[in-house]
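Protein chains: 2
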Amino acid sequence: MEERNYTIRDISRLAKVSRGTVDRVIHKRGKVSPEAIEKVTKVLKEINYKPNLLARSLKSHKHNRIAAIIPHYQEDSYWQKCVNGIKKGEEEFKAFGGTINYYTYDKTKADYEQAFDKVLKDKPDAVLVAPIYYRESLPLFRKLEDLDIPYVLINTPIENANYKSFIGQDYWKSGRVAAQLMDLLLPGKGDVLIIHVEEDFENSTHLHRKEEGFRSYFTEKNKNRTIHTFTLHGEPPDFSPLQDAIASARGMFITTSKASVLRRYVENEAIRIVGYDLTPENIEFLKNGKIDMLIHQNPHQQAYDGISFLSELLLYKKEPEYRKLLPIDIVTSENVDCYL
Amino acid sequence: MEERNYTIRDISRLAKVSRGTVDRVIHKRGKVSPEAIEKVTKVLKEINYKPNLLARSLKSHKHNRIAAIIPHYQEDSYWQKCVNGIKKGEEEFKAFGGTINYYTYDKTKADYEQAFDKVLKDKPDAVLVAPIYYRESLPLFRKLEDLDIPYVLINTPIENANYKSFIGQDYWKSGRVAAQLMDLLLPGKGDVLIIHVEEDFENSTHLHRKEEGFRSYFTEKNKNRTIHTFTLHGEPPDFSPLQDAIASARGMFITTSKASVLRRYVENEAIRIVGYDLTPENIEFLKNGKIDMLIHQNPHQQAYDGISFLSELLLYKKEPEYRKLLPIDIVTSENVDCYL
DNA sequence: GTGAAAGCGCTAACAT
DNA sequence: ATGTTAGCGCTTTCAC
Numbered sequence: 001m002e003e004r005n006y007t008i009r010d011i012s013r014l015a016k017v018s019r020g021t022v023d024r025v026i027h028k029r030g031k032v033s034p035e036a037i038e039k040v041t042k043v044l045k046e047i048n049y050k051p052n053l054l055a056r057s058l059k060s061h062k063h064n065r066i067a068a069i070i071p072h073y074q075e076d077s078y079w080q081k082c083v084n085g086i087k088k089g090e091e092e093f094k095a096f097g098g099t100i101n102y103y104t105y106d107k108t109k110a111d112y113e114q115a116f117d118k119v120l121k122d123k124p125d126a127v128l129v130a131p132i133y134y135r136e137s138l139p140l141f142r143k144l145e146d147l148d149i150p151y152v153l154i155n156t157p158i159e160n161a162n163y164k165s166f167i168g169q170d171y172w173k174s175g176r177v178a179a180q181l182m183d184l185l186l187p188g189k190g191d192v193l194i195i196h197v198e199e200d201f202e203n204s205t206h207l208h209r210k211e212e213g214f215r216s217y218f219t220e221k222n223k224n225r226t227i228h229t230f231t232l233h234g235e236p237p238d239f240s241p242l243q244d245a246i247a248s249a250r251g252m253f254i255t256t257s258k259a260s261v262l263r264r265y266v267e268n269e270a271i272r273i274v275g276y277d278l279t280p281e282n283i284e285f286l287k288n289g290k291i292d293m294l295i296h297q298n299p300h301q302q303a304y305d306g307i308s309f310l311s312e313l314l315l316y317k318k319e320p321e322y323r324k325l326l327p328i329d330i331v332t333s334e335n336v337d338c339y340l
Numbered sequence: 341m342e343e344r345n346y347t348i349r350d351i352s353r354l355a356k357v358s359r360g361t362v363d364r365v366i367h368k369r370g371k372v373s374p375e376a377i378e379k380v381t382k383v384l385k386e387i388n389y390k391p392n393l394l395a396r397s398l399k400s401h402k403h404n405r406i407a408a409i410i411p412h413y414q415e416d417s418y419w420q421k422c423v424n425g426i427k428k429g430e431e432e433f434k435a436f437g438g439t440i441n442y443y444t445y446d447k448t449k450a451d452y453e454q455a456f457d458k459v460l461k462d463k464p465d466a467v468l469v470a471p472i473y474y475r476e477s478l479p480l481f482r483k484l485e486d487l488d489i490p491y492v493l494i495n496t497p498i499e500n501a502n503y504k505s506f507i508g509q510d511y512w513k514s515g516r517v518a519a520q521l522m523d524l525l526l527p528g529k530g531d532v533l534i535i536h537v538e539e540d541f542e543n544s545t546h547l548h549r550k551e552e553g554f555r556s557y558f559t560e561k562n563k564n565r566t567i568h569t570f571t572l573h574g575e576p577p578d579f580s581p582l583q584d585a586i587a588s589a590r591g592m593f594i595t596t597s598k599a600s601v602l603r604r605y606v607e608n609e610a611i612r613i614v615g616y617d618l619t620p621e622n623i624e625f626l627k628n629g630k631i632d633m634l635i636h637q638n639p640h641q642q643a644y645d646g647i648s649f650l651s652e653l654l655l656y657k658k659e660p661e662y663r664k665l666l667p668i669d670i671v672t673s674e675n676v677d678c679y680l
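Protein chains in written order, with this note's numbering: chain A, 1 to 340; chain B, 341 to 680.
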């Protein structure tokens, strides 16, 4: 039981080499004879050496800077929660001598690219990014890679990028979950609408995946429901495309956080609504029964995990999980409070 | 932006005293002249000093030991998950030079007390405990307090104890959630049974609270359903008390992890079942539709958080949250995978 | 009451 | 190729 942790000094004694050599072997910095390498690695294995991370990072104590690139959050409760998660991580990161700089972007591609450029100029030690634009992201990521700056993605996965970690949800599965809930809410039959409220729908792969998941559930279970898809644009959205379909529909699956907006538009009180995200208005409607179910994407946790991963990477050189898929939380009026 | 962190040395220079004096002031260890105290505190305020936690804990590197007191887990998937959570925390804790010792107890009070005694003899630096016995716990906790050993509770809250933190669920609320789900699963009418499978029901306050929450939902919503409660004993449980009620019941709420056991007993395939915990058999039945919904108590997270809290307390003297209530996760066949 | 100095474990620069 | 050593920031012991 008395398993004191071995130190570099212990290893050097056991392997009968100097501390410097041990360090060189551990970090593969070369200039070591094969025999020495062998002796040291042997000891390393035998004792199952775990370096003292505290000491390691104390030594290399440079003032680490993380850049966080996220959409403007002042008027957006989803991204506000994300910022809260970052702030929570920042607290801890600060105590170890780091800082986080925020680079927010207006929801336009140009602004996104501009924010990114600023980051590239500032050369931080690591980057956390919520990249809502797919196509535009890849070339920007390449630049980070050229500068050897590690980066972590949250919320939106971008394929073919060499990020250290992606933290978010399996969107296809979340669509399946939504379908199951809808099915439960509408026993028997009843038409359902899938509604995307998003300007740049083509470029929003995650919404496509939600829809695919949703439809796959009914296909697989051989439930024949009529399902129509609509994409709405504008702020506030132009509802006219819905006009005809809404009369016969008994349920709506809203793939963005706009469930409450649709709820206000639709007069039929009995229509069942499943949506995403715990925005204040969504919560209000959930509590008074006007929205039935919400799926929680946990922006707070995503951001916090992202910062944690990066701090551990910078401080202790600990490699993060490549993909962290957060659970697909089902939220009702009864359990909503514990997700806030 | 160039906010380098100040060090003790900086402060000593600014206040024109020695590093030792600065340290004595910071830690209020006395033997300092009033003038020195004043000079130092003034500087401290001006620069908003944040000690480098890394260095602090590197120095005071005593080999920290945490004791984990939990029920035997070899044949119990719930407590196995708890152990996994501890193990995950242990990984990190080890890297900072700590160890965790396990003290498991057979599900009897005597064994619980015995395990506790062993802990008291070993005098660890901190204790994580899952105290399934209410009445027996308090005097044992007092002994920890006498020894000034901080302890954290998971799973079961014990009132009037001076624990550093409780991590678990709001059981009353989880009963409410179960009720809402049951209501959704049984549109309109249908009798429901509440079933406790527990030897020492009287001493299990958390089960009472689940029942209260469950009933309160229906009362509050003015849904008049017939609800009967049964408590089963024995291993395997003696089902005879159920015999009469089961024929007319359309739903069962099982307050422990034994949903699958009841599922196997009841012949009526159509009966709706809401239970707790992701045991392998529960998961199997959930996936093939024989159980409808499960509530996840997240033992893994509870344990992990508990260890994290204690390590941070020991390493950095960081006080944990007094109560951390984990979300009441609703689990269905579609989202179960992301909770595993 | 105060200051000087050693040392926690690891890293990297500098000798050899 | 290998060994030695200074030093990261903090704490604590030991002189004074």
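All C-beta atoms, glycine included, are put in the ideal place defined by N, C-alpha and C.
Residue i - partner residues in DSSP beta bridges
i, result
"B/I670", "B/I635"
"B/D531", "B/A589"
"B/N441", "B/A407"
"B/R359", "DSSP, once it has assigned bridges, lists no residue as partnering B/R359."
"B/F506", "B/L493 and B/R663"
"A/V197", "A/L232"
"A/I8", "Paired residues: none, contrary to the question."
"A/I254", "A/I195"
Chain A contact residues for residue i, given Cβ-Cβ distances below 9 Å
i, result
"B/K390", "K94, A95 and G97"
"B/P527", "P187"
Bounding residues of the beta strand (DSSP E) (the contiguous stretch that carries residue i)
i, result
"A/L232", "I227 to L232"
"B/G515", "Here B/G515 belongs to no beta strand (DSSP E); instead the alpha helix (DSSP H) covers Y511 to L525."
"B/L468", "A466 to V469"
"A/I283", "From DSSP, A/I283 is part of no beta strand (DSSP E) but of the alpha helix (DSSP H) over P280 to K287."
"A/I273", "R272 to Y276"
Partners in chain A for residue i, counting only beta-carbon separations shorter than 8 Å
i, result
"B/S397", "L54"
"B/Q520", "T332, S333 and E334"
"B/D510", "C338"
"B/L524", "L184 and L185"
"B/K334", "Outside the shown range of chain B, which is 341 to 680, sits residue 334 of chain B, and nothing can be said about it."
7 Å Cβ cut-off: residues of chain A touching residue i
i, result
"B/Y679", "P327"
"B/K630", "Neighbours of B/K630 on chain A: none; closest Cβ ~16 Å, over 7 Å."
Contact belief for residue i with residue j at Cβ below 8 Å, rounded distance in angstroms
i, j, result
"B/A395", "A/L53", "In fact, because the Cβ distance is near 13 Å, the residues do not count as touching under 8 Å."
"A/E92", "A/S248", "At roughly 53 Å, the Cβ-Cβ gap does not stay under 8 Å, so A/E92 and A/S248 are not in contact."
"A/Y151", "A/A126", "7 Å"
"B/I534", "B/T569", "4 Å"
"B/I594", "B/G615", "4 Å"
"B/P411", "B/T444", "7 Å"
"B/G508", "B/I498", "Wrong, their Cβ atoms sit about 11 Å apart, outside the cutoff."
"B/R516", "B/S556", "6 Å"
"A/L140", "A/E113", "7 Å"
"B/V676", "B/K627", "7 Å"
"B/E661", "A/Q180", "Not really, about 34 Å apart at Cβ, beyond 8 Å."
Range of the contiguous alpha helix (DSSP H) that encloses residue i
i, result
"A/Y78", "S77 to A95"
"A/T41", "P34 to I47"
"A/Q114", "K109 to D122"
"A/K210", "T205 to E220"
"B/R603", "A599 to Y605"
"B/Y413", "That residue, B/Y413, is in no alpha helix (DSSP H); it is neither H nor E in DSSP."
"B/L487", "Note, B/L487: premise wrong, no alpha helix (DSSP H); not H, not E."
Contacts that residue i makes with chain B (C-beta to C-beta distance below 9 Å)
i, result
"A/D117", "Near A/D117 there are no residues of chain B at all, since even the closest Cβ is about 18 Å away, more than 9 Å."
Residue i: contacting residues in chain B (beta-carbon distance under 7 Å)
i, result
"A/N64", "Neighbours of A/N64 on chain B: none; closest Cβ ~11 Å, over 7 Å."
"A/N84", "Per Cβ cutoff of 7 Å: no residues; A/N84 is ~16 Å from chain B at best."
Chain-ordered chain B contacts of residue i [CB-CB under 8 Å]
i, result
"A/V177", "T672, E674 and N675"
"A/L5", "A small fix is needed here, since residue 5 of chain A is Asn in this sequence, not Leu. Within chain B, the residues near A/N5 are H403, K434 and G437."
### Message
Under 8 Å, with one C-beta from each stretch per pair, do the region 475 to 487 of chain B and the region 620 to 636 of chain B reach the 3-pair mark?
### Response
no
### Task
May I ask you to verify whether the region 604 to 612 of chain B touches the region 570 to 589 of chain B, counting CB pairs closer than 8 Å and requiring at least 3?
yes
### Query
Taking contact to mean at least 3 C-beta pairs separated by less than 8 Å, is the region 93 to 105 of chain A in contact with the region 303 to 320 of chain A?
yes
### Query
Does the region 13 to 20 of chain A come close enough to the region 34 to 42 of chain A that 3 or more CB-CB pairs lie under 8 Å?
yes
### Message
Three Cβ pairs or more, each shorter than 8 Å: is that satisfied between the region 160 to 174 of chain A and the region 311 to 331 of chain A?
### Response
Contact between the region 160 to 174 of chain A and the region 311 to 331 of chain A is present, because at least three Cβ pairs lie under 8 Å.
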